[in-house]
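So this is what it looks like as structure tokens:
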């Protein structure tokens with residue numbers, strides 16, 4: 001039992017309150033959750049608070065006798081799943097015969113009795129994970145914390161591994177402790193999960209193993225595409241009922257996820273079945289199809305696809321990993337990495353995208369359109385990162401030097417090097433090609449910020465504003481919001497450079513609002529800094545400085561110049577970027593025009 005302070009459990013106060021609330025509506029409350037969620041520990045805490053008796057279902061018939069002989073009005077029946085067919089009917093009869101009796105049961109699934117209320121335990125939040133490990137007297141390296149889930153038993157067994165000095169190897173090989181003071185099945189995470197595995201049907205076990213290839217969750221469509229010989233919905237539903245798969249509602253619909261330890265157990269069985277290669281290939285094919293669909297629909301559904309693809313980020317990286325691990329998979333990997341240009345470039349993942357594309361390039365895919373697309377994407381990202389040499393090198397590596405999108409990145413590189421006339425000439429050539437190809441995005445529309453930034457750096461405010469207004473009007477007509485937000489940011493900079501602080505604030509905040517919607521950290525940092533300059537807010541400026549640390553090259557020269565010219569403000573402590581964005585969107589307006 002993981003009792004760490006008096007009668008409390010780390011991170012389970014809300015769950016304990018949920019149990020008490022459930023008893024206000026029902027006499028039977030079942031505490032469910034995956035193996036290692038701490039059901040027994042929390043049930044015993046509730047029992048101690050109420051002075052109640054705990055009946056261990058492991059006792060089988062003796063447990064029935066204990067329940068029947070008890071005159072108590074509150075009983076805890078722990079581990080019902082180990083005697084489910086025996087206990088459930090008996091508990092139902094006892095509740096009917098004794099109107100004053102209330103029962104708290106622990107089970108990995110609902111007892112499915114009339115009037116039952118279920119309180120489902122999930123993983124501990126990040127802060128509570130750290131607190132539990134701290135109270136257990138260990139500090140976990142970030143790398144291993146990223147491998148484990150937030151189930152209390154996982155963390156208790158991880159603490160034992162850290163005390164032994166073990167941090168390497170398969171996850172489940174680390175998670176054991178023969179001195180653990182709970183039930184014997186809790187001495188090793190593999191044993192705790194293995195009991196659930198034994199009580200699954202062969203079909204459920206197979207789907208569980210195949211689901212282990214997902215990283216970060218999945219929906220039913222993905223599960224069907226990757227795991228199905230037939231309809232996988234019943235198997236997924238059964239695994240949810242048995243608390244082996246976690247179900248959640250998101251803005252993009254219902255999602256499912258395996259806790260890390262449950263996933264690791266499934267992965268071992270996938271390897272034993274010899275199905276890893278085939279299942280990972282199905283996984284890759286599904287997410288390549290999804291990426292192609294997102295690319296095709298990006299123009300008209302940017303925020304919708306941003307939300308969806310950020311949810312699938314782990315799966316997309318997993319798909320790349322699986323193909324890069326296959327000697328014959330380099331072409332597939334470069335195809336997917338290039339198709340994801342919109343995710344890397346438009347959603348604040350420039351650095352990560354550049355890294356992934358570098359991995360793909362080292363794998364040595366075949367020359368052709370897919371390779372050129374991956375190289376163009378890499379060049380775009382390096383230009384965005386303020387790395388003109390790397391951008392130019394990627395451009396030169398392209399087999400076909402003609403596409404206007406390459407010319408557009410060349411214009412950006414020229415502007416970064418201060419060759420402004422050359423940049424304007426190249427962007428004109430690129431725009432002619434975009435018109436010919438009917439390439440609105442990522443072709444024609446993103447050319448506007450490049451032209452405007454070049455003109456601002458040349459000091460030609462009037463022409464820059466004309467370009468910005470024209471581009472913004474076209475974005476409004478087409479419904480394009482990502483480019484529009486960059487144009488709004490530049491309009492705010494132009495207004496500030498003209499000395500019109502009040503006119504600058506609204507577009508600056510409009511741009512920042514969209515940056516937050518896209519989860520774009522560099523654009524959010526730029527927006528916070530600009531609003532800080534406009535409002536003379538030292539907290540915002542300090543927050544921006546803090547955010548820019550580690551993002552070398554992403555801060556625009558125009559913004560840096562504006563900041564350098566701005567009046568000094570009193571030093572202030574900075575905020576986390578999310579809090580700084582909230583403040584920037586509500587900070588007082590300047591009192592002087």
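Residue numbers (UniProt numbering): 1 to 593.
In this text, a Cβ means the ideal position worked out from N, Cα and C, and glycines have one as well.
Worksheet entry | For residue 108 and residue 242, believed in contact at Cβ under 8 Å, the rounded distance | 5 Å
Discussion item. To test your reading of the DSSP string, which unbroken alpha helix (DSSP H) runs of 4 or more residues are found completely within the stretch 471-511?
Written reply: 482-497
Worksheet item: DSSP three-state call for residue 277: helix, strand or coil?
Response: helix
Worksheet entry | Same chain only: Cβ atoms within 7 Å of residue 394, ignoring 5 sequence neighbours per side | 375, 378, 379 and 382
Discussion item. Using a 10 Å radius around the Cβ and a threshold of 16 neighbouring Cβ atoms, would you call residue 549 buried or exposed?
Written reply: exposed
Fill in: Residues bridged to residue 253 [DSSP beta-bridge criterion]
250
Discussion item. Rounding to the nearest angstrom, what Cα-Cα distance links residue 559 and residue 304 in this structure?
Written reply: 30 Å
Worksheet item: So residue 267 packs on residue 212, CB below 8 Å; how close in whole Å?
Response: 4 Å
Item to complete: Provide the residue(s) that pair with residue 117 in DSSP beta bridges, ordered along the chain.
Response: 29
Worksheet item: Between residue 299 and residue 440, which are expected to be in contact by the criterion C-beta below 8 Å, what is the C-beta distance as a whole number of angstroms?
Response: 7 Å
Discussion item. One question on the structure: do residue 442 and residue 416 come within less than 7 Å of each other, judged by their Cβ atoms?
Written reply: no
Discussion item. Would residue 235 and residue 207 qualify as a contact pair, given that the criterion is a beta-carbon distance under 7 Å?
Written reply: yes
Item to complete: Enumerate in chain order the residues of its own chain whose CB-to-CB distance from residue 6 is below 8 Å, with the five nearest sequence positions on each side excluded.
Response: At residue 6, the pLDDT of 37 sits below 50, so the modelled position is not reliable; the number obtained from the coordinates is stated separately. Once the five neighbours on either side are set aside, residue 6 has no close Cβ partner at all.
Practice prompt. Please look up how many angstroms separate the CB atoms of residue 509 and residue 531, rounded, as I've assumed it's under 8 Å.
Written response: 7 Å
Discussion item. Residues in the same chain with beta-carbon distance under 6 Å from residue 575, minus the five sequence neighbours each way, listed in chain order, please.
Written reply: 543
Item to complete: Can you give me the start and stop residues for the beta strand (DSSP E) that residue 56 sits inside?
Response: 53-56
Worksheet entry | Rounded separation between residue 584 and residue 511 - CA only | 11 Å
Item to complete: Just mark residue 254 as buried or exposed, buried being the case when its beta carbon has 16 or more other beta carbons within 10 Å.
Response: exposed
Item to complete: Assign residue 93 to one of three DSSP states: helix, strand, or coil.
Response: helix
Worksheet item: With respect to the alpha helix (DSSP H) encompassing residue 420, which residues constitute its N-terminal and C-terminal limits?
Response: 420-437
Practice prompt. Reducing DSSP to helix, strand and coil, say where residue 140 ends up.
Written response: coil
Discussion item. So, does the stretch 424-438 touch the stretch 464-481, judging by three or more C-beta pairs under 8 Å?
Written reply: no
Item to complete: Please confirm whether residue 36 and residue 162 have their CB atoms less than 7 Å apart.
Response: no
Worksheet item: DSSP on residue 188, reduced to helix/strand/coil?
Response: strand
Worksheet item: Identify the residues that DSSP records as bridge partners of residue 102: which are they?
Response: 74
Practice prompt. Would you tell me roughly how many angstroms separate the C-alpha atoms of residue 528 and residue 348, rounded to the nearest one?
Written response: 15 Å
Worksheet item: To the nearest angstrom, how far is it from the Cα of residue 331 to the Cα of residue 365?
Response: 5 Å
Worksheet entry | Identity of the residues DSSP links to residue 218 by a beta bridge | 256
Item to complete: Please determine, among 354, 149 and 40, the residue with the shortest C-alpha to C-alpha distance to residue 245.
Response: 149
Item to complete: Report yes if the C-beta distance between residue 581 and residue 484 is below 7 Å; otherwise report no.
Response: no
Item to complete: Give the straight-line distance between the Cα atoms of residue 84 and residue 199, rounded to the nearest whole angstrom.
Response: 11 Å
Item to complete: Run the CB neighbour count on residue 447, radius 10 Å, all protein chains shown included, and call it buried at 16 or more, exposed below.
Response: buried
Worksheet item: Using DSSP with H/G/I as helix, E/B as strand and the rest coil, what is residue 344?
Response: helix
Fill in: Start and end residues, alpha helix (DSSP H) containing residue 458
445-458
Worksheet item: Which of helix, strand or coil does DSSP assign to residue 376?
Response: helix
Discussion item. For the structure I just gave you, are there three or more beta carbon pairs, one from the stretch 65-84 and one from the stretch 100-114, closer than 8 Å?
Written reply: yes
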